[in-house]
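The next block holds one structure in the form of structure tokens; read it before the comments.
2 protein chains.
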Amino acid sequence: MTAGPTPIPPRVSQVMAEPVLYHRAPAFVELYGSVLERLKGVFRTQNDVLTFAASGSGAMESAVANLTAPGEPVLACAAGKFGERWIELAEAYGAEVVTYAPAWGQRLDPAEIDRILGDHPQIAVVFATLSETSTGVVHDVRAIAEVARRHDCILAIDAVSGLGAAELRQDEWGIDVVVAGSQKALMCPPGLAFASVSEKALDFASERGNGGYYFDWAKTAKGQRKDPPDSPFTPAVTLFSALDVALEMIEEEGIEQVWARHALLARATRAGVAALKLDLFGDPGENANVVTALQLPAGIDGGKVPGVLRRLGITANGGQNQLKGKILRIAHCGYFGAFDILTSLSALEMALHELGHDVDHGVAVGAAQRVFVESPVPTAA
Amino acid sequence: MTAGPTPIPPRVSQVMAEPVLYHRAPAFVELYGSVLERLKGVFRTQNDVLTFAASGSGAMESAVANLTAPGEPVLACAAGKFGERWIELAEAYGAEVVTYAPAWGQRLDPAEIDRILGDHPQIAVVFATLSETSTGVVHDVRAIAEVARRHDCILAIDAVSGLGAAELRQDEWGIDVVVAGSQKALMCPPGLAFASVSEKALDFASERGNGGYYFDWAKTAKGQRKDPPDSPFTPAVTLFSALDVALEMIEEEGIEQVWARHALLARATRAGVAALKLDLFGDPGENANVVTALQLPAGIDGGKVPGVLRRLGITANGGQNQLKGKILRIAHCGYFGAFDILTSLSALEMALHELGHDVDHGVAVGAAQRVFVESPVPTAA
């Protein structure tokens, strides 16, 4: 039930147990090219999607390292833990950081971003988040992209947990940089990070040259643009094997259908939460299709929920930082189908009961079932 | 036959196909602690071994990012492609780089390093290499550490391909920083990088604060020193599962015996090369126990050797950069036993024959066999 690392489909797991490939052998070179091509389909882009052996935060760091210079002003938007990571990163690189930080659980307001950029015309780069894993909110990055474009700013979006779950059309929406990781809706283990970078952003970065070495976009772009494509550093070959299979599964299902499946799973989850008369956390809106964050009842010790769930055999995320003990997050991000949601809701009902909350057993499961009966979801496999 | 990614033992491969672990679930927390403890045994250190989801170059970057500051002088030693990476990294970070760069294939001369440090008393950091994968040379880092200590310099050693193959006793030899990767003698896929950092080096780094974010030593050290240990970024959980099994295998064999096995495999390889009347490349010395680099005969088109070997079913490394077509590298780094060496030498004999070289078939294999008959090597499994 966690928002990452998420469950891995058996087809993906098994391929990692095959003999390891030497990264310059023809079999891996072909696989590498296949993955690079398939990634474009998920990002909905014609950009080269730069790949790094790293956690998702490594790809975020690549964006900050390549797009900022010490003392240059940037806007970092944050309404949760991962938005705040943009602020920490930009500060670590010595940028002059203007922040837009509404409360955790709020949605970023494009009009407010418009106002801030109007007040700070010297800002050339904006950092924001698609899916804020800590709160469940999916931000309207399409509208943010319009605002950024109007102010002639480069926009970098953290889509680590959003990519492949929430609708995202990088090129159509005009987003310069999208970063992501392998361990969320891409249904792979953690260890690969991605940065889909437009030509405009590559040019902008090349004038700065602050990208360090390992995360330097120009270095990786140069390798990936060779024929055949090459990596400047030893790639994480088993994770590439896994990703190729996972991306093939996404292609088979179709990215639009993948988004629709996530939307349906989220709708069913919200129906279950509502049937329990619990509130969602914050103001997630209709597009919160990655993680459902719900407010735990005031009458129970919320900090005990993950432990009770664990004894039931369910690994779940509570809240992070100031939300510890206050919320529970039910993930529907990646290799999830209807019965995973029904299992999560069953576990939630049983855990709330065990902690003394009055539960009408089956009410959440029943409400979610009714959503699925109206709109059947095909299994992800 | 490649020097990395190297073959993975079946016990290690299989564990990666198991269900993925959430990185804050008790099962992973226990595994994480186990790996951190076991790593100390391979580095022969009491330091916290900092771990990163990255290629080995990421750990090298961490050393440069944390130990240098723009304009500060450092000494970078390079006698091959990976030594040169220290120079490139230090330049990317704006250090004032003094280089000691004897020809590829030479061994770093501690006396020369002593002289350079004497001439540049303002140098506080020295970067050097244990096993230079591009040439097969294993440098005498013990003697280099003595020199560095005499000049009160921090020494950082790239042991990416050397760790677990060539003798290395970090604490006993007084090496401040050792960096390594998962995909060489540690018998795992690529994607994990390590930096074993002394307290002295951590203190030195904390005065600089140039470590960025993802590779910031203080951030990772703080997480790993919690009880239970934690990672500031999502760890590459499947690779940790693999590494725990691989480190258990190394413990079962015993690190001293692992080094002895590599020394024996190298001795047998050198005997085979000598029996073919071929020369080793450069001046590798008696401790070149990771990769044997041999000069290809002048009469054949050396660039064709890897392709011919591939048709025989063997993936092998030729030379890199200026050594392309001139050398062949036979790896004995990680999960290698006697029959792997005999297979490599058989393939070499057949490939040389196919390219028109006069080969007494079996002569190299016979010579290597005689080494193994005198000193049997237990299988690595």
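Protein chains in written order, with this note's numbering: chain A, 756 to 1136; chain B, 756 to 1136.
Using N, Cα and C, we set each Cβ at its ideal position, and we do this for glycine too.
Every unbroken alpha helix (DSSP H) inside the stretch 962-1018 of chain A [4 residues or more]: As far as the stretch 962-1018 of chain A is concerned, its whole alpha helix (DSSP H) runs of at least 4 residues are 972-979 and 992-1008.
Please classify SER886 (chain A): does DSSP put it in a helix, a strand, or coil? In the structure shown, SER886 (chain A) sits in a strand (DSSP, three-state: E or B).
What residue does the alpha helix (DSSP H) around GLU851 (chain B) start on, and which one ends it? Looking at the DSSP string, GLU851 (chain B) is not in any alpha helix (DSSP H); the run it does join, the beta strand (DSSP E), is 851-855.
Report buried or exposed for GLN938 (chain A), applying the criterion of at least 16 other Cβ atoms within 10 angstroms of its Cβ. When all chains shown are included, GLN938 (chain A) counts as buried.
So, at 7 Å on beta carbons, what are the nonlocal neighbours of ALA833 (chain B) in its own chain, with the 5 sequence-adjacent residues on each side left out? So the qualifying residues of the chain are GLU839, TRP841, ILE842, THR854 and ALA856.
Just to make sure I have the definition right: I need the residues of chain A whose C-beta is within less than 7 Å of the C-beta of SER812 (chain B). Which are they? Here the neighbours are TYR969 and PHE988.
Would you call the CB atoms of MET771 (chain A) and THR993 (chain B) closer than 9 Å? Going by beta carbons, MET771 (chain A) and THR993 (chain B) fall inside the 9 Å limit.
To the nearest angstrom, how far is it from the Cα of ARG924 (chain B) to the Cα of PHE798 (chain B)? If you take the alpha carbons of ARG924 (chain B) and PHE798 (chain B), they lie about 6 Å apart.
With DSSP as the reference, label THR761 (chain A) as helix, strand or coil. DSSP places THR761 (chain A) outside both helix and strand once states are collapsed to three, so it counts as coil.
Run through the DSSP bridge pairs and tell me what ILE1082 (chain A) is partnered with. According to DSSP, residue pairing for ILE1082 (chain A) in a beta bridge involves A:GLN1050.
Can you give me the Cβ contacts of ILE930 (chain B) inside the same chain, cut-off strictly under 6 Å, excluding the 5 residues immediately before and after it? Here the set comprises ALA900, LEU910 and ILE912.
Count the C-beta pairs between the stretch 883-890 of chain A and the stretch 1014-1021 of chain A that are closer than 8 Å, then say yes if the count reaches three, no if not. No, the stretch 883-890 of chain A does not touch the stretch 1014-1021 of chain A.
Assigned exposure category for ARG1022 (chain A) - 16 Cβ within 10 Å defines buried: ARG1022 (chain A) counts as buried, since at least 16 other C-beta atoms from the protein chains shown sit within 10 angstroms of its C-beta.
With DSSP as the reference, label THR806 (chain B) as helix, strand or coil. Here THR806 (chain B) sits in strand by DSSP.
Any beta-carbon of chain B closer than 9 Å to the one on ILE763 (chain A)? At least one chain B Cβ lies under 9 Å of ILE763 (chain A).
Taking 9 Å as the threshold (C-beta atoms), are LEU872 (chain B) and GLY917 (chain B) in contact? Not a contact, by the Cβ cut-off of 9 Å.
Cβ neighbour criterion (16 or more within 10 Å) applied to GLY1037 (chain B): By the 10 Å Cβ count, GLY1037 (chain B) comes out buried.
Which residues, taken in chain order from the stretch 835-847 of chain A, show a beta carbon closer than 8 Å to some beta carbon of chain B? If the cut-off is 8 Å between Cβ atoms, the stretch 835-847 of chain A has GLU843, LEU844 and ALA847 near chain B.
Closer than 9 Å, CB to CB, is ARG1065 (chain A) near chain B or not? The beta carbon of ARG1065 (chain A) falls within 9 Å of a beta carbon belonging to chain B, placing the residue at that interface.
Using alpha carbons as the reference points, say which of A:CYS943, A:PRO1039 and A:PHE970 lies closest to THR1003 (chain A). It is worth fixing the name first, because residue 1003 (chain A) is Glu in this sequence and not Thr. Among A:CYS943, A:PRO1039 and A:PHE970, the Cα nearest to that of GLU1003 (chain A) belongs to A:CYS943.
What is the DSSP secondary structure of ILE868 (chain B), reduced to helix, strand or coil? DSSP places ILE868 (chain B) in helix when its eight states are reduced to three.
Does any CB atom of chain B fall closer than 9 Å to the CB of GLU759 (chain A)? Sequence check: residue 759 (chain A) is Gly here, not Glu. Among the residues facing chain B, GLY759 (chain A) is included, as its CB has a counterpart in that chain under 9 Å away.
Buried or exposed: where does ASN802 (chain B) fall if 16 or more other Cβ atoms within 10 Å of its Cβ makes it buried? The residue in question, ASN802 (chain B), is buried, as its Cβ has 16 or more Cβ neighbours within 10 Å.
Which chain B residues are close to GLN1075 (chain A), counting only those with a beta carbon under 9 Å from its beta carbon? Think of a sphere of 9 Å around the beta carbon of GLN1075 (chain A): no beta carbon from chain B falls inside it, the nearest being about 10 Å out.
Chain B contacts from the stretch 919-953 of chain A (Cβ-Cβ distance under 7 Å): Answer in chain order: GLN938, PRO944, PRO945 and GLY946.
From what residue to what residue does the beta strand (DSSP E) around ASP913 (chain B) run? Looking at the DSSP string, the run of the beta strand (DSSP E) that includes ASP913 (chain B) is 909-913.
Since THR806 (chain B) and LEU947 (chain B) should fall inside the 8 Å C-beta cutoff, what is the C-beta to C-beta distance between them, to a whole number of angstroms? That pair is a contact at about 6 Å.
When A:ALA820, A:GLY835 and A:LYS836 are compared against VAL829 (chain A), the one with the closest alpha-carbon: Closest by alpha carbon: A:ALA820.
Out of A:GLU1104, A:ILE1082 and A:LYS1032, point me to the one whose CA is closest to LEU1067 (chain A)'s CA. In terms of CA proximity to LEU1067 (chain A), A:GLU1104 leads the group A:GLU1104, A:ILE1082 and A:LYS1032.
In chain A, which residues lie with their C-beta within 8 Å of the C-beta of THR888 (chain B)? What THR888 (chain B) touches in chain A: nothing, since even the nearest Cβ is about 11 Å away.
List the residues of chain B that GLU816 (chain A) touches, going by C-beta distances under 8 Å, in chain order. From the beta-carbon of GLU816 (chain A), the residues of chain B found nearer than 8 Å are GLY967, TYR968 and TYR969.
Strictly under 9 Å for the Cβ-Cβ distance: is GLN769 (chain B) near chain A by that measure? For GLN769 (chain B), the nearest CB of chain A lies under 9 Å from its own CB, placing it at the interface with that chain.
Give me, in chain order, the residues of the same chain whose beta-carbon lies closer than 6 Å to that of LEU739 (chain B); leave out the 5 immediate sequence neighbours on both sides. Chain B is shown only over 756 to 1136; residue 739 (chain B) falls outside these bounds and no answer can be derived.
Determine contact between the stretch 1050-1060 of chain B and the stretch 769-786 of chain A, defined as no fewer than three beta-carbon pairs at a distance below 8 Å. Under the three-pair Cβ rule at 8 Å, the stretch 1050-1060 of chain B does not count as touching the stretch 769-786 of chain A.
Can you pull the chain A neighbours of ALA780 (chain B), defined as C-beta to C-beta under 9 Å? By Cβ distance, chain A contributes THR757, ARG1065 and THR1070.
How many Å lie between SER812 (chain A) and TYR969 (chain B) at the Cα? C-alpha separation (whole angstroms): 7 Å.
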